[in-house]
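Asker:
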Amino acid sequence: IDHNLTSEEQRKLTILGLKLPLTVKEIKKKYKKLVKIFHPDVNKNNIQAERKFKEINEAYKVLLKKFLIKKWVMTNNNNIFELEPKKEINTLEEFGIKCNFKVFGFEKKNDYVPILDKTYKFDPNTTLAILAGFSSNKRVLIQGFHGTGKSTHIEQVAARLNWPCIRINLDSHISRIDLIGKDAIVLKDGKQVTEFQEGILPWAYQNPVSIVFDEYDAGRPDVMFVIQRILEAEGKMTLLDQSRVISPHKY
Numbered sequence: 212i213d214h215n216l217t218s219e220e221q222r223k224l225t226i227l228g229l230k231l232p233l234t235v236k237e238i239k240k241k242y243k244k245l246v247k248i249f250h251p252d253v254n255k256n257n258i259q260a261e262r263k264f265k266e267i268n269e270a271y272k273v274l275l276k277k278f279l280i281k282k283w284v285m286t287n288n289n290n291i292f293e294l295e296p297k298k299e300i301n302t303l304e305e306f307g308i309k310c311n312f313k314v315f316g317f318e319k320k321n322d323y324v325p326i327l328d329k330t331y332k333f334d335p336n337t338t339l340a341i342l343a344g345f346s347s348n349k350r351v352l353i354q355g356f357h358g359t360g361k362s363t364h365i366e367q368v369a370a371r372l373n374w375p376c377i378r379i380n381l382d383s384h385i386s387r388i389d390l391i392g393k394d395a396i397v398l399k400d401g402k403q404v405t406e407f408q409e410g411i412l413p414w415a416y417q418n419p420v421s422i423v424f425d426e427y428d429a430g431r432p433d434v435m436f437v438i439q440r441i442l443e444a445e446g447k448m449t450l451l452d453q454s455r456v457i458s459p460h461k462y
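The sequence shown begins at 212 in our numbering and counts up one residue at a time.
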């Protein structure tokens, strides 16, 4: 993230105690550190800690959204991704469970692979479901109490597979335009022209990227309307403004 921040984003930066320039890894690292300190489970009946915990979560969502939108506009090309996962994963060694199906991952990490937590302990049944989703390109629904680490579980599986993973918080300020894309004025050959810039979904849908919809039950109707089609098996995505139909990437 560079210095082009709004006053709200500057305030969120202060809440997390971060300074520019910074990367998404630094944001996630600081967020996890603060969450462990101010989590309600650690601070029973502490109203100030609860208020701080909410502020940290909100700041994280705003800054992460800022980073990802900038990132995919700047690197929207297939050269940063491997074409397919070819590295066979030893699930017993990596996750402590045996699978009756083969699991493959990517050889190298890129900027979209989550940070690896070497101390993470995996729940066998949940991990098996997540691995089946990665292996067969299937949708996986994980439910549980708030703050129990459902999305983190997926990210840690992805981290061990070197699988690019984008986490979208549906209870944040995410909008339909952020998801689909918008027309923007750009300079080409010294002239201003209007060009469509793809949002999160078209970009991720055309690349080997796993999408995690966090806080699924809190999504706004207009946002849920956008994503409902791609939740179907082999569901194609239609960009009405561009008269385009996008087929999902094989991985």
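Backbone N, C-alpha and C fix where the C-beta goes; we use that ideal spot for every residue, glycine too.
As the structure is a computational prediction, the values presented were derived from the model and not from experiment.
1) Taking the alpha-carbon positions, what's the Pro459 to Asn268 distance?
2) Give the DSSP-derived three-state secondary structure of Asn288 in the structure shown.
3) Could you tell me which whole alpha helix (DSSP H) segments of length 4 or greater appear in the stretch 363-404?
4) If I measure Cβ to Cβ from Leu442 and keep anything under 7 Å in the same chain, skipping five residues before and after, which residues do I get?
5) If I measure Cβ to Cβ from Thr338 and keep anything under 7 Å in the same chain, skipping five residues before and after, which residues do I get?
6) Tell me whether Gly228 is buried or exposed, calling it buried when 16 or more other Cβ atoms sit within 10 Å of its Cβ.
7) For the beta strand (DSSP E) containing Arg455, name the first residue and the last one.
8) Taking the beta strand (DSSP E) that Phe424 falls in, what are its first and last residues?
9) By alpha-carbon positions, which one of Asp389, Lys272, Ala370, Leu390 ends up nearest to Asn380?
10) So what's Phe317 in DSSP terms, helix, strand or just coil?
11) Classify Lys298 as helix, strand or coil using the three-state DSSP reduction.
12) Nearest-angstrom Cα distance between Ala429 and Ala395?
13) Just to confirm my understanding: we take Leu274, look at its own chain, exclude 5 residues before and 5 after, and list those with CB closer than 6 Å. What are they?
14) Between Gly392 and the rest of its own chain, which residues show a CB-CB distance below 7 Å, the 5 nearest in sequence each way excluded?
15) Quick check on Asp213: buried or exposed, where buried means 16 or more other Cβ atoms within 10 Å of its Cβ?
16) If you measure between the beta carbons of Glu426 and Asp389, is that distance less than 7 Å?
17) Which class does Glu406 belong to by DSSP, given the choice of helix, strand or coil?
18) Cutting at 7 Å between CB atoms, please list the residues of its own chain near Gln417, excluding the five before and the five after it.
19) Provide the residue span of the alpha helix (DSSP H) that contains Leu342, from first to last.
20) Per DSSP, Leu450 forms a beta bridge with which residues?
21) Can you tell me where the alpha helix (DSSP H) holding Tyr416 begins and where it ends?
22) Closest to Asn373 by CA distance: which of Lys298, Ile248, Thr234 is it?
23) Does the distance from the CB of Val434 to the CB of Pro375 come in under 7 Å?
24) Short of 6 Å in beta carbon distance, which residues of its chain neighbour Ala260, apart from the five on each side in sequence? Order them along the chain.
25) If you follow the alpha helix (DSSP H) that Phe436 is in, where does it begin and where does it stop?
Answerer: Considering the structure as presented:
1) The residue given as residue 459 occupies position 248 in the sequence shown. The residue given as residue 268 occupies position 57 in the sequence shown. Pro459 and Asn268: Cα-Cα distance of roughly 31 Å.
2) Position 77 of the sequence shown holds residue 288. Since pLDDT at Asn288 reaches only 46, below the 50 mark, its modelled position is unreliable, and the value read off the structure follows with that caveat. Here Asn288 sits in coil by DSSP.
3) If one requires a minimum length of 4 residues, the alpha helix (DSSP H) runs lying completely within the stretch 363-404 are 387-391, in chain order.
4) By one-based count along the sequence shown, residue 442 stands at place 231. Closer than 7 Å at Cβ, skipping near neighbours: Arg350.
5) The residue labelled residue 338 in the question sits at position 127 within the sequence shown. The answer, listed in chain order, is Phe306, Ile308, Val368.
6) Taking the sequence shown and counting its residues from 1, one reaches residue 228 at position 17. By the neighbour-count criterion, in which a residue is buried when 16 or more other Cβ atoms sit within 10 angstroms of its Cβ, Gly228 is exposed.
7) As a working note, residue 455 is residue 244 in the sequence shown. Looking at the DSSP string, the run of the beta strand (DSSP E) that includes Arg455 is 455-457.
8) As a working note, residue 424 is residue 213 in the sequence shown. First-last of the beta strand (DSSP E) with Phe424: 421-425.
9) For the purposes of this step, residue 380 is identified with residue 169 of the sequence shown, where counting begins at 1. That would be Lys272, whose Cα lies nearest to the Cα of Asn380.
10) Walking along the sequence shown from the start, residue 317 turns up at place 106. Note: Phe317 maps to coil in three-state DSSP.
11) Here residue 298 refers to the residue found at position 87 of the sequence shown. The DSSP-derived three-state label of Lys298 is strand.
12) Locating residue 429 in the sequence shown gives position 218, where the first residue counts as 1. Locating residue 395 in the sequence shown gives position 184, where the first residue counts as 1. Approximately 29 Å, taken between the alpha carbons.
13) The residue given as residue 274 occupies position 63 in the sequence shown. Spatial neighbours of Leu274 in its own chain (CB-CB distance under 6 Å, excluding positions within 5 residues in sequence) are listed in chain order as Lys223, Ile238.
14) The count along the sequence shown starts at 1 and reaches residue 392 at position 181. Closer than 7 Å at the Cβ level, and outside the excluded window around Gly392, lie Phe407, Gln408, Glu409, Gly410, Pro413.
15) Residue 213 sits at position 2 when you count from the first residue of the sequence shown. In this prediction, Asp213 scores a pLDDT of 47, lower than 50, which makes its location untrustworthy; no coordinate-derived value is stated.
16) Start at 1 with the first residue of the sequence shown, and residue 426 comes out as number 215. Start at 1 with the first residue of the sequence shown, and residue 389 comes out as number 178. Not in contact: Glu426 and Asp389 (Cβ atoms no closer than 7 Å).
17) What you label residue 406 is simply residue 195 of the sequence shown in a count that begins at 1. DSSP places Glu406 in strand when its eight states are reduced to three.
18) Sequence index remark: in the sequence shown, residue 417 carries index 206 (1-based). Contacts found: Ile457, His460.
19) Within the sequence shown, numbered from 1, the residue matching residue 342 stands at position 131. Per DSSP, Leu342 belongs to the alpha helix (DSSP H) from 335-347.
20) Counted from its first residue, the sequence shown places residue 450 at position 239. Per DSSP, Arg455.
21) The residue labelled residue 416 in the question sits at position 205 within the sequence shown. Counting along the chain, the alpha helix (DSSP H) containing Tyr416 begins and ends at 411-416.
22) Within the sequence shown, numbered from 1, the residue matching residue 373 stands at position 162. For Asn373, the nearest C-alpha among the options comes from Lys298.
23) Residue mapping note: residue 434 aligns to position 223 of the sequence shown, counting from 1. Residue mapping note: residue 375 aligns to position 164 of the sequence shown, counting from 1. Result no, Cβ atoms of Val434 and Pro375 do not sit closer than 7 Å.
24) One-based indexing of the sequence shown puts residue 260 at position 49. For Ala260, same chain residues with a beta-carbon under 6 Å away, outside a window of 5 residues either side, are Phe249, Asn254 in chain order.
25) Here residue 436 corresponds to residue number 225 of the sequence shown, with the count starting at 1. Its alpha helix (DSSP H) spans residues 432-438.
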